[in-house]
Amino acid sequence: MSWLLNAIYACLLFLLSPVILWRMVRHGRYRQGIAEKLLGRLPIVTDDRPVVWFHAVSVGEILQLQNVVAEFREQTGDRFHLVISTSTDTGYELATTRYADCTVTWFPLDFSWAVSNAISRVRPELVVLAELEVWPAFIKECNRRGVATAVINARMSDRSFPGYCRIRKFIRPVFEQFAVVAAQCDEYAERLIHLGARKECTTVTGSIKFDGVNTDRENSGTQELRHLLNIGSDDAVLIAGSTQDPEEMMAVRAWQSLRSDYPHLRVILVPRHRERFEAVAAQLREYNVPCWRRSEQNATPPAPDEVILLDTIGELSACWGLADVAFVGGSFGPRGGQNMLEPAAYGAAVLFGPSTRNFRDIVTNLLAREAAIEVPTIDDFEVTVRRLLADGQARSVLGNRAQAFITEQHGAISRTVKLLTSVLPPVRESVEQSAA
Numbered sequence: 116m117s118w119l120l121n122a123i124y125a126c127l128l129f130l131l132s133p134v135i136l137w138r139m140v141r142h143g144r145y146r147q148g149i150a151e152k153l154l155g156r157l158p159i160v161t162d163d164r165p166v167v168w169f170h171a172v173s174v175g176e177i178l179q180l181q182n183v184v185a186e187f188r189e190q191t192g193d194r195f196h197l198v199i200s201t202s203t204d205t206g207y208e209l210a211t212t213r214y215a216d217c218t219v220t221w222f223p224l225d226f227s228w229a230v231s232n233a234i235s236r237v238r239p240e241l242v243v244l245a246e247l248e249v250w251p252a253f254i255k256e257c258n259r260r261g262v263a264t265a266v267i268n269a270r271m272s273d274r275s276f277p278g279y280c281r282i283r284k285f286i287r288p289v290f291e292q293f294a295v296v297a298a299q300c301d302e303y304a305e306r307l308i309h310l311g312a313r314k315e316c317t318t319v320t321g322s323i324k325f326d327g328v329n330t331d332r333e334n335s336g337t338q339e340l341r342h343l344l345n346i347g348s349d350d351a352v353l354i355a356g357s358t359q360d361p362e363e364m365m366a367v368r369a370w371q372s373l374r375s376d377y378p379h380l381r382v383i384l385v386p387r388h389r390e391r392f393e394a395v396a397a398q399l400r401e402y403n404v405p406c407w408r409r410s411e412q413n414a415t416p417p418a419p420d421e422v423i424l425l426d427t428i429g430e431l432s433a434c435w436g437l438a439d440v441a442f443v444g445g446s447f448g449p450r451g452g453q454n455m456l457e458p459a460a461y462g463a464a465v466l467f468g469p470s471t472r473n474f475r476d477i478v479t480n481l482l483a484r485e486a487a488i489e490v491p492t493i494d495d496f497e498v499t500v501r502r503l504l505a506d507g508q509a510r511s512v513l514g515n516r517a518q519a520f521i522t523e524q525h526g527a528i529s530r531t532v533k534l535l536t537s538v539l540p541p542v543r544e545s546v547e548q549s550a551a
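Under my numbering, the first residue of the sequence shown carries the number 116, and numbering increases by one thereafter.
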């Protein structure tokens, strides 16, 4: 089976190589961690403590994992050395700053030699995969070596489920090997069990995304941005975050149209992908729109008539705390939406387009509680923002409902970590006793 998987992965890598090479040259992506990914040459862990390995694919998962790691340490003390791996350049960049006291590295590609090398060098007692990272060779090798594997905050979307069902015979042995499956909701748990996850190992914990969001607008990160961006107490702030083309210009045009009636309206753009930062700045220049870029660290703060382009990684979470009206991008077009929990938790008036399949359950709950607004078309965006700016009470009610929904869901992280500690192998006990 290993040779077959290796052959399949090699073919996929060959077919994707033109795209990969183009992105390496054009955007500077995929250049880091080549030895770790292809050969499994992860850092050798020399710490005498048992190792727990957490994997988060990219920026979003890295941010969510912070609170899980903090709770894990709260429940286990300093008894474990933690390894944090990721798969993307932006994820790695963020992880090195957020997990400075952990070993931060890259996740190996699922070639048999790469995963074997990686596991030998890390020597984990437990591997924790965020969301649903199903890599057959890696999970099989962990099982062969007696390393427990867990998937947390697990989801199985409407889009993914049919595809997994078609390869159920192949994927079932992989799902059977998980010692812990912590699912976000009953529906996801049932789907995962259908695909092979053991019922006795599958628990509905809720989504850790709810626990990992900040509800306090006075937090230091938000207040630092308020000062840096020159946001006054009388300003109304429209944030378009995690955006894709053409959502940035949609927000800019609405801002330009509304400023005559609302001169204190400010607009902040936060594109989803780093490689689009320059493209958005160029587009603003093309239309003669004044732009202040966060990455340039200007000594002069942005003027009220400048568009603020937050072209940095990892600051959107705090920035949402400035929003009176928050548009969550990726929802006009094929991408399927981005996470709207953070602006909802701050009590912003949350808007998104009709394409939100990636967060269907959250959207369903927000809309059922009249705690967010789905904007049908790009043409409806300005009208919706105008209505919210004109009616401060309606805007506050919308935000309060969204914030209340978020706080009702708290507790998933504590439940998740209790499951993880329950499957730590007995060797943990003997290590503690010998150390004493």
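Built from N, CA and C at the ideal position, the CB exists for glycine as well.
Measure from the alpha carbon of residue i to the alpha carbon of each residue in the options, then state which is nearest.
i: I477; options: E333, T536 and E523; result: E523
i: F520; options: G468, E457, T492 and F496; result: E457
i: L373; options: R283, L504 and L247; result: L504
i: E485; options: R368, F392 and N515; result: N515
i: A252; options: N232, L241 and W435; result: N232
i: V266; options: V242, V198 and I177; result: V242
i: D349; options: G175, E339 and P419; result: P419
i: Q371; options: A464, D506 and P405; result: P405
i: E497; options: W168, C300 and M365; result: M365
i: S552; options: R400, Q398, A394 and I428; result: An answer regarding residue 552 cannot be provided, because it is not within the stretch 116 to 551 covered by the chain.
i: R238; options: R213, D163, S432 and K284; result: D163
i: N413; options: L344, E401, A460 and L131; result: L344
i: Y279; options: G261, I234, E248 and D331; result: E248
i: F285; options: T531, L120, S511 and P416; result: L120
i: E421; options: D506, H379 and C434; result: H379
i: Q359; options: T492, I528, L209 and V443; result: V443
i: D495; options: R368, E393, E151 and R475; result: R368
Exposed or buried, what is residue i when buried is set at 16 or more other beta-carbons lying within 10 Å of its beta-carbon?
i: Q190; result: exposed
i: K403; result: The sequence given here places Asn at residue 403; Lys does not occur at that position. Its Cβ having fewer than 16 others within 10 Å, N403 is exposed.
i: V134; result: exposed
i: I149; result: exposed
i: E547; result: Note on E547: pLDDT 46, under 50, position unreliable in the model; the coordinate value appears next. So E547 counts as exposed.
i: D204; result: buried
i: F129; result: exposed
i: Q508; result: exposed
i: E256; result: buried
i: R552; result: For residue 552 there is no data in the structure shown, the boundaries of the chain being 116 and 551.
i: L513; result: buried
i: S357; result: buried
i: A517; result: buried
i: P361; result: exposed
i: P277; result: exposed
i: A125; result: exposed
i: I123; result: exposed
i: S132; result: exposed
i: L535; result: buried
Which residues in the same chain have their Cβ closer than 8 Å to the Cβ of residue i, if we skip the five residues on either side of it in sequence?
i: Q179; result: A171, A245, N268, I323, K324 and G327
i: I254; result: T264, V289, Q292 and F293
i: R341; result: L437
i: R236; result: G155, R156, L157, P158, I159 and V160
i: G499; result: In the sequence on display, residue 499 carries Thr and not Gly. Contacts found: L466, I488 and V490.
i: S470; result: G445, S446, F447, G448, P449, R450, G451 and G452
i: V538; result: L241, A263, A265, A294 and V295
i: K533; result: Q190
Grab me the residues of residue i's own chain with a C-beta within less than 7 Å of its C-beta, minus the 5 sequence neighbours each way, in chain order.
i: R408; result: A396, L424 and D426
i: R313; result: E291
i: S117; result: S227 and A252
i: R146; result: M139
i: N480; result: F520
i: W435; result: I354, G356, A441, E457, P458, Y461 and A463
i: I177; result: A171, T201, G206, L209, A210 and R213
For residue i, which residues from the same chain have a beta carbon less than 6 Å from its beta carbon, with the 5 sequence-adjacent residues on both sides left out?
i: W250; result: D225
i: M271; result: Y303, R306 and L307
i: G296; result: First, the residue type needs correcting, since residue 296 is Val and not Gly in the sequence shown. Here the set comprises V266, A269, L307, A312, C316 and T317.
i: V319; result: A298, D301 and A304
Would you list the one or two residues that DSSP bridges to residue i?
i: F467; result: V443 and E489
i: L456; result: Answer is none; L456 lacks a bridge partner.
i: I383; result: I354 and I423
i: R260; result: Bridge partners of R260: none, in fact.
i: I199; result: F169 and V219
i: T407; result: Correcting the residue type first, residue 407 is Trp in the shown sequence and not Thr. According to DSSP, which records beta bridges pairwise, W407 is partnered with I423.
i: P239; result: V166
i: L127; result: Answer by DSSP bridge pairing: none, since L127 is not bridged.
i: L244; result: H170 and V266
i: A298; result: A269 and V319
- Message: Check whether the stretch 217-231 and the stretch 154-167 touch, using three or more Cβ-Cβ pairs below 8 Å as the test.
- Response: yes
- Query: If you pair each beta-carbon of the stretch 197-217 with each one of the stretch 271-285, do three or more pairs fall below 8 Å?
  - Reply: no
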